[in-house]
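See below for the structure under consideration.
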Amino acid sequence: MPQVWDLFCRVIDNFGDIGVCWRLACDLAERGETVRLWTDNASPLRWMAPHGCARVTVLPWEQAQSQADCGDIVIEAFACELPQEFVSRMAARSRAPVWINLDYLTAQDFAQRCHGLPSPQFAGAGTGLTKWFFQPGFVPGTGGLIRERNLESRQSRFDMHAWRAGNGIEVQPGERCVSLFCYDNAALPALLNALAQTPTVVLATPGAATELIAQFLGPTLKRGALRGVALPSVSQEDFDHLLWSCDLNFVRGEDSWVRAQWADAPFVWQAYVQDDAAHHAKLDAFADLYLARAPSPLAERVRRLWLHWNQRTMGPLVLPDLRAWRAHQRRWSHALREQSDLTSELLRFTNERR
Ligand code: TRH
Numbered sequence: 025m026p027q028v029w030d031l032f033c034r035v036i037d038n039f040g041d042i043g044v045c046w047r048l049a050c051d052l053a054e055r056g057e058t059v060r061l062w063t064d065n066a067s068p069l070r071w072m073a074p075h076g077c078a079r080v081t082v083l084p085w086e087q088a089q090s091q092a093d094c095g096d097i098v099i100e101a102f103a104c105e106l107p108q109e110f111v112s113r114m115a116a117r118s119r120a121p122v123w124i125n126l127d128y129l130t131a132q133d134f135a136q137r138c139h140g141l142p143s144p145q146f147a148g149a150g151t152g153l154t155k156w157f158f159q160p161g162f163v164p165g166t167g168g169l170i171r172e173r174n175l176e177s178r179q180s181r182f183d184m185h186a187w188r189a190g191n192g193i194e195v196q197p198g199e200r201c202v203s204l205f206c207y208d209n210a211a212l213p214a215l216l217n218a219l220a221q222t223p224t225v226v227l228a229t230p231g232a233a234t235e236l237i238a239q240f241l242g243p244t245l246k247r248g249a250l251r252g253v254a255l256p257s258v259s260q261e262d263f264d265h266l267l268w269s270c271d272l273n274f275v276r277g278e279d280s281w282v283r284a285q286w287a288d289a290p291f292v293w294q295a296y297v298q299d300d301a302a303h304h305a306k307l308d309a310f311a312d313l314y315l316a317r318a319p320s321p322l323a324e325r326v327r328r329l330w331l332h333w334n335q336r337t338m339g340p341l342v343l344p345d346l347r348a349w350r351a352h353q354r355r356w357s358h359a360l361r362e363q364s365d366l367t368s369e370l371l372r373f374t375n376e377r378r
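First residue of the sequence shown? That's 25 in our numbering, and the numbers climb one at a time after it.
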């Protein structure tokens, strides 16, 4: 039976929190659920999701304080702390909603250990309720990754040349195509030097990536065999298309990192920097998993590049052989697709607890 979901999202910074929540909301809605997405900042959705999504309503965070009812399932994304008034209504409901804390994605072992653990509430407005930890992840026993049911059919219908032409992106014959979505990154000059050895076009997303290539390539956005193109912000759907149409993708944070898993192209991930350097362990765990089955010279080179891009090593940057890497990426992506996806797991998990 379709249910009503209240999904709460606070935008800490950048676009990942709302990006993940929007993808999840749409994927739930596509499976027949009704979603209310409560957020303190819906503005990125103007370009991320200009056409909205049927059965998803975006509502201002403050309105949840006075909202008369609460849904069947409540998701607190990334420990965003629900409004207390809303929690009181959850506790007062004759049949308590299933309360989920959706955590950040990691390949670290604790994702498996913590996935599905209960957190009974002994104090405050939610006394008597249970909050459940839901850990996205790359392996069975975690909550999986968001992967829409129509992803494969979208990919098989995708026409790269038509998409590029429709978006004014010109790629010369023989030119390598690289997408760049990153935070400020001291390794960028080393990357551009490495890319400039072969005809390459870098498609830079707005913000840090565009500012960095302008800084290092100058106003013409050209150096040797390398040229840059500054892209506008595109919808999430077109962001997928961008990843599907490149030979190498640079992604960051959380949602673009997940989307890069579904592209055939190799990718380089820049982890979101955390004060206590927790992102180092996060990168190492992912590299261990991603490269576990990669042939030996490729595995070492990819790891070195990832460490370099995350500013853990310095010096000249060496690009691994993209053809061998692409073959590995395809095997990795295929293996991930054999596992259950996050929305299916969430539906199963919440149904079992209702
Ligand atoms: O923007 P991010 O760095 O987001 C986050 C946040 O910083 C968050 O606080 C942090 O906790 C988290 O990272 C780890 O990167 P992310 O997660 O890849 O989100 C970007 C979103 O923006 C993603 O949904 C894709 C979307 N996007 C578009 O839709 N169009 C675009 O043109 C671009 C560049 C991105």
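The C-beta atom is built at its ideal place from N, Cα and C for all residues, glycine as well.
In its own chain, which residues sit with a C-beta less than 7 angstroms from the C-beta of Gln353, not counting the 5 before and 5 after it?
-> The answer, listed in chain order, is Asp288, Ala289, Pro290.
Residue burial classification, His332 (beta-carbon count within 10 angstroms, cutoff 16) = Classification for His332: buried.
Coil, strand or helix - Gln221 by DSSP | In the structure shown, Gln221 sits in coil (DSSP, three-state: anything other than H, G, I, E or B).
Going by other Cβ atoms of all chains shown within 10 Å of its Cβ, with 16 needed for buried, is Thr244 buried or exposed?
-> Thr244 is exposed by the Cβ-count criterion.
In terms of alpha-carbon separation, which member of Val326, Tyr314, Leu313, Asn334 lies closest to Tyr296?
-> Distances from the alpha-carbon of Tyr296 to those of Val326, Tyr314, Leu313, Asn334 put Asn334 closest.
Any heavy atom of the ligand TRH closer than 7 angstroms to the CB of Arg276?
-> When distances are taken from the beta-carbon of Arg276 to the heavy atoms of the ligand TRH, the shortest one is below 7 angstroms.
Helix, strand or coil: how does DSSP classify Ala78 here?
-> Secondary structure of Ala78 (DSSP, three-state): coil.
Proximal residues to Cys270 (C-beta, below 8 angstroms), its chain only, five neighbours per side dropped = Shown here for Cys270: same chain residues with a beta carbon closer than 8 angstroms to its own, the five before and five after excluded, namely Cys201, Val202, Ser203, Leu227, Ala287, Ala289 in chain order.
Whole-angstrom distance between Ala233 and Asp208, CA atom to CA atom = So the two alpha carbons sit approximately 7 angstroms from each other.
Count the C-beta pairs between the region 26-33 and the region 97-104 that are closer than 8 angstroms, then say yes if the count reaches three, no if not.
-> Contact annotation: the region 26-33 touches the region 97-104, with at least three C-beta pairs closer than 8 angstroms.
How close, in whole Å, do the beta carbons of Leu216 and Leu250 come, if the pair is a contact with beta carbons under 8 angstroms?
-> Right, their Cβ atoms sit about 6 angstroms apart.
Please state if the CB of His139 and the CB of Gln159 are separated by a distance shorter than 8 angstroms.
-> Pairing Gln159 with His139 gives a Cβ-Cβ distance under 8 angstroms.
Cβ separation of Arg171 and Asp365, assumed to be a contact under 8 angstroms, to the nearest whole Å = Right, their Cβ atoms sit about 4 angstroms apart.
First and last residue of the alpha helix (DSSP H) that includes Thr374?
-> That run of the alpha helix (DSSP H) goes 366-376.
So, is Lys246 buried or exposed, given that buried needs 16 or more other C-beta atoms within 10 angstroms?
-> When all chains shown are included, Lys246 counts as exposed.
Ignoring anything shorter than 4 residues or poking outside the region 234-277, list the alpha helix (DSSP H) runs there in chain order.
-> Runs of the alpha helix (DSSP H) inside the region 234-277: 260-268.
Can you tell me whether Ser177 is buried or exposed, with buried defined as 16 or more other CB within 10 angstroms of its CB?
-> For Ser177, the number of other beta carbons within 10 angstroms of its own is below 16, and it is reported as exposed.
What are the residues that DSSP puts in a beta bridge with Thr166?
-> The partner list for Thr166 (beta bridge, DSSP) reads Pro164.
Could you tell me the distance, in whole angstroms, from the CA atom of Glu362 to the CA atom of Gly339?
-> Rounded to whole angstroms, the separation of the alpha carbons of Gly339 and Glu362 is 38 angstroms.
Where does the unbroken beta strand (DSSP E) through Ala101 begin, and where does it stop?
-> For Ala101, the enclosing beta strand (DSSP E) stretches over residues 97-101.
Determine the direct distance from the alpha carbon of Arg372 to that of Leu126, and round the result to whole angstroms.
-> Rounded to whole angstroms, Leu126 to Arg372 spans 15 angstroms at the Cα level.
Answer yes or no: the CB of Gln89 versus the heavy atoms of the ligand TRH, is any distance below 7 angstroms?
-> Incorrect: Gln89 has no Cβ contact closer than 7 angstroms to the ligand TRH.
Contact under 8 angstroms by Cβ, Val28 with Asp96 = Going by C-beta atoms, Val28 is nearer than 8 angstroms to Asp96.
Is Met25 buried or exposed, if buried means 16 or more other CB atoms sit within 10 Å of its CB?
-> Per the 10 Å Cβ criterion, exposed.
Using only alpha-carbon positions, find the residue among Arg113, Ala186, Cys94, Leu169 that is nearest to Gly150.
-> Comparing Cα-Cα distances from Gly150 to each of Arg113, Ala186, Cys94, Leu169, the minimum goes to Arg113.
Mapping DSSP to helix, strand and coil, what is Val297?
-> It is coil, neither helix nor strand.
Phe356: which of Glu369, Ala214, Ala53, Phe162 sits nearest, CA to CA?
-> The identity of residue 356 in the sequence shown is Trp, whereas the question assumes Phe. Ranking the options by Cα distance to Trp356, first place goes to Phe162.
Determine, using beta carbons only, whether Thr367 and Leu48 come nearer to each other than 8 angstroms.
-> Yes.
Is it the case that the CB of Ser67 approaches a heavy atom of the ligand TRH more closely than 7 angstroms?
-> Ser67: no, Cβ never under 7 angstroms from the ligand TRH.
Can you give me the Cβ contacts of Arg377 inside the same chain, cut-off strictly under 6 angstroms, excluding the 5 residues immediately before and after it?
-> Answer for Arg377: Val122, listed in chain order.
Specify whether the region 76-89 and the region 46-65 touch according to this definition: at least 3 beta carbon pairs, one from each stretch, less than 8 angstroms apart.
-> Yes, the region 76-89 touches the region 46-65.
Supposed contact pair Ile193 and Trp156 - C-beta distance, whole angstroms, cut 8 angstroms | In fact, because the Cβ distance is near 43 angstroms, the residues do not count as touching under 8 angstroms.
Regarding Tyr314 and the ligand ADP, is the C-beta to nearest heavy atom distance less than 7 angstroms?
-> No copy of the ligand ADP occurs in the structure displayed; its ligands are the ligand TRH alone.
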